[in-house]
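Here is the structure we will look at, set down as structure tokens.
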Amino acid sequence: MVDENSEEAGIGKRALFGRHPHFAESVNGRQLLHSISRPCPDDAPNFARWLVSQSSWGVLNTISSDWGGAPFGNVVSFSDGLPDKGKGIPYFYLTGLDPTASNALKDQRSSLTLSEYSLGTCGNTDPENPICAKITLTGKLKLVDGNSKEAEFGRTVLFVKHLEMKGWPKSHNFQVFKLEIENIFMINWFGGPKPLTVDQYLHPKM
């Protein structure tokens, strides 16, 4: 038996997930969701929804008020729904002690960038190669009313994908935010970005 924490185990996992993207397991309390087949790249709406729902983290960019409006990118965890039941809208659990939340409360303009590379389904392909998909969702990062049903939904779907969030310090006042999407930029093959409206993304034809 290979030691779970060894380099050999890490190499084995990467090799397995690269060849078998449908594998799912939990590593250190984090769900790895590869249970839905990768859609055809030509099916832009379903491919975009797949990439968002299977991802659990990305780079969230906000406008920094402290740095004269310069963009500030931060690695954050997110969830768009329960496993295999993503709704397409990313929810975040953020604290005002972090620049991302404090920036958004002053200027809601933001974008979330995801790469398929993090899913292990790009094989040996470089992350910048067009066939290793990437998506940027641009819109407004909004604070969700903490007493609303939407906030309850956000906490539920976040805690399912990110188990340790439940235990984060209450004194840090983590709150649920969501990205209201206004524009979508996705590349998943050669030929430039795929034409994709927000309505097509939110209501894909199955």
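The sequence shown stops at residue 206 when you use full-length UniProt numbering, and every number in between is there.
C-beta atoms are modelled at their ideal positions from N, C-alpha and C, and glycine is treated no differently.
Beta carbon of residue 62 nearer than 7 Å to that of residue 110: The Cβ atoms of residue 62 and residue 110 sit closer than 7 Å to each other.
Cross-strand partners of residue 175 (DSSP beta bridge): Listed as beta-bridge partners of residue 175 by DSSP are 94.
Coil, strand or helix - residue 49 by DSSP: Residue 49 falls in the helix class under three-state DSSP.
In chain order, each alpha helix (DSSP H) run of at least 4 residues that lies wholly inside the region 72–125: Entirely contained in the region 72–125, the alpha helix (DSSP H) runs reaching 4 residues are, in chain order, 99–106.
Separation of residue 100 from residue 65, as counted between CA atoms: Residue 65 and residue 100 have their C-alpha atoms roughly 11 Å apart.
Nearest residue (CA-CA) to residue 149, options 132, 162 and 176: For residue 149, the nearest C-alpha among the options comes from 176.
Classification of residue 50 by the beta-carbon crowding that lies within 10 angstroms, buried from 16 upward: So residue 50 counts as buried.
Helix, strand or coil at residue 67 according to DSSP, with G and I counted as helix: Of the three classes helix, strand and coil, the one that applies to residue 67 here is coil, per DSSP.
Helix, strand or coil at residue 150 [DSSP, three-state]: Residue 150: helix per DSSP, three-state reduction.
C-beta atoms of residue 95 and residue 47 nearer than 7 Å: No, they are not a contact pair.
Residues near residue 182 by beta carbon distance below 8 Å, same chain, minus five either side: Counting only Cβ-Cβ distances below 8 Å, and skipping sequence neighbours, we find 138, 139, 140 and 198.
CB contact flag (residue 90, residue 179, <7 Å): Yes, the pair counts as a contact, with Cβ atoms nearer than the cut-off.
Where residue 40 falls, given that 16 or more other Cβ within 10 Å makes a residue buried: Residue 40 is exposed by the Cβ-count criterion.
C-beta atoms of residue 73 and residue 112 nearer than 7 Å: For residue 73 and residue 112, no; Cβs fall outside 7 Å.
Of the listed residues 200, 54, 43 and 196, nearest to residue 120 (C-alpha basis): Looking at the Cα atoms, 54 is the closest of the given residues.
Distance, residue 37 Cα to residue 133 Cα: When rounded, the distance between both Cα atoms is 14 Å.
Closest by C-alpha distance to residue 75, when choosing among 144, 123 and 115: By alpha-carbon distance to residue 75, the top candidate from 144, 123 and 115 is 115.
Residue 51: CB within 6 Å of a non-hydrogen atom of the ligand ADP: For the structure depicted, the ligand ADP is absent and the ligand set is empty, with no information on it obtainable.
Beta-bridge partners of residue 261, as assigned by DSSP: Look at the range of the chain in this structure, 1 to 206, and you will see that residue 261 is not part of it.
Of the listed residues 108, 136 and 56, nearest to residue 84 (C-alpha basis): The shortest C-alpha separation from residue 84 is found at 56.
According to DSSP, residues forming a beta bridge with residue 190: Note: residue 190 sits in no beta bridge, so no partner.
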